[in-house]
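Novice: Residue numbers (the numbering used here): 1 to 155.
(1) Could you check the C-alpha separation between residue 85 and residue 58 for me, to the nearest Å?
(2) Leaving out five residues on either side along the sequence, give the residues of the same chain with a beta carbon under 7 Å from the beta carbon of residue 75.
(3) Please name the residue in 21, 134, 79 and 98 whose C-alpha comes closest to that of residue 91.
(4) When you compare only the Cα positions, how much space is there between residue 136 and residue 3?
(5) Using the C-alpha atoms, what's the distance from residue 77 back to residue 93?
(6) Roughly how many whole angstroms lie between the Cα atoms of residue 36 and residue 43?
(7) Answer with buried or exposed for residue 65, where buried requires no fewer than 16 other C-beta atoms within 10 angstroms of its C-beta.
(8) What three-state label does DSSP hand residue 171 in the structure shown?
(9) Taking C-beta to C-beta, are residue 34 and residue 18 nearer than 9 Å?
(10) Could you check where the alpha helix (DSSP H) with residue 94 kicks off and where it finishes?
(11) Could you please give the first and the last residue of the uninterrupted alpha helix (DSSP H) stretch that includes residue 131?
(12) For residue 68, which residues from the same chain have a beta carbon less than 7 Å from its beta carbon, with the 5 sequence-adjacent residues on both sides left out?
(13) Distance, Cα to Cα, residue 145 vs residue 25?
Shown next as structure tokens:
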């Protein structure tokens with residue numbers, strides 16, 4: 001799904017968005033055409049493209065709206081969440097459940113972590129995404145030197 005996409009456009013709110021940005025960078029290092037929704041140079045999505053989105057709590061108005069636009073224009077949707085039964089996930093072609101505490105369930109009886117707000121979900125995203133990149137790297141036969149050659153020289 002990811003390796004086959006012509007264009008990958010990624011989105012997440014808040015700190016989830018930071019993890020999605022890290023994933024977009026790694027996908028770019030693999031040689032894929034990946035960028036974030038809010039990037040000024042982001043292309044339109046259509047047939048053959050993939051919208052990769054995260055909504056740990058499941059329902060965020062911007063996530064739902066952007067997912068509807070992606071679907072309307074023919075893109076497939078890969079949805080990361082800790083709430084796989086949320087209504088917005090029904091718009092996705094594939095849902096990845098990250099079973100971790102989010103900001104939506106970090107208080108009262110449901111609190112399971114001393115970390116604040118959605119930190120467990122966000123940290124889980126990072127680890128999952130790095131493992132995904134390793135799998136894609138092998139699938140696409142991309143070595144570390146190829147990835148390093150795509151790293152910016154403007155740091």
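All residues carry an ideal CB built from backbone N, CA and C; glycine is no exception.
Specialist: So, from the data block:
(1) Translated into positions along the chain shown, residue 85 becomes position 85. Translated into positions along the chain shown, residue 58 becomes position 58. Taking the straight line joining both Cα atoms gives about 8 Å.
(2) Residue 75 sits at position 75 when you count from the first residue of the chain shown. Excluding residues within five positions, the ones whose Cβ falls inside 7 Å are 45, 46, 49, 50 and 51.
(3) As a working note, residue 91 is residue 91 in the chain shown. Closest by alpha carbon: 79.
(4) Within the chain shown, numbered from 1, the residue matching residue 136 stands at position 136. Within the chain shown, numbered from 1, the residue matching residue 3 stands at position 3. The straight-line gap from Cα to Cα measures roughly 7 Å.
(5) Against the chain shown, residue 93 aligns to sequence position 93. Against the chain shown, residue 77 aligns to sequence position 77. Spanning the two alpha carbons is a distance of roughly 5 Å.
(6) As a working note, residue 36 is residue 36 in the chain shown. As a working note, residue 43 is residue 43 in the chain shown. Roughly 10 Å between the two C-alpha positions.
(7) Taking the first residue of the chain shown as position 1, residue 65 is located at position 65. By the neighbour-count rule (16 or more Cβ atoms within 10 Å), residue 65 is not buried but exposed.
(8) Limits of the chain in this structure are 1 at one end and 155 at the other, which puts residue 171 out of reach.
(9) Here the question's residue 34 lines up with position 34 in the chain shown. Here the question's residue 18 lines up with position 18 in the chain shown. Cβ distance not < 9 Å, so residue 34 and residue 18 don't count as in contact.
(10) Looking up residue 94 in the chain shown gives position 94. From DSSP, residue 94 is part of no alpha helix (DSSP H) but of the beta strand (DSSP E) over 94-97.
(11) Looking up residue 131 in the chain shown gives position 131. Per DSSP, residue 131 belongs to the alpha helix (DSSP H) from 119-139.
(12) The count along the chain shown starts at 1 and reaches residue 68 at position 68. 91.
(13) Taking the first residue of the chain shown as position 1, residue 145 is located at position 145. Taking the first residue of the chain shown as position 1, residue 25 is located at position 25. Whole-angstrom Cα-Cα distance: 16 Å.
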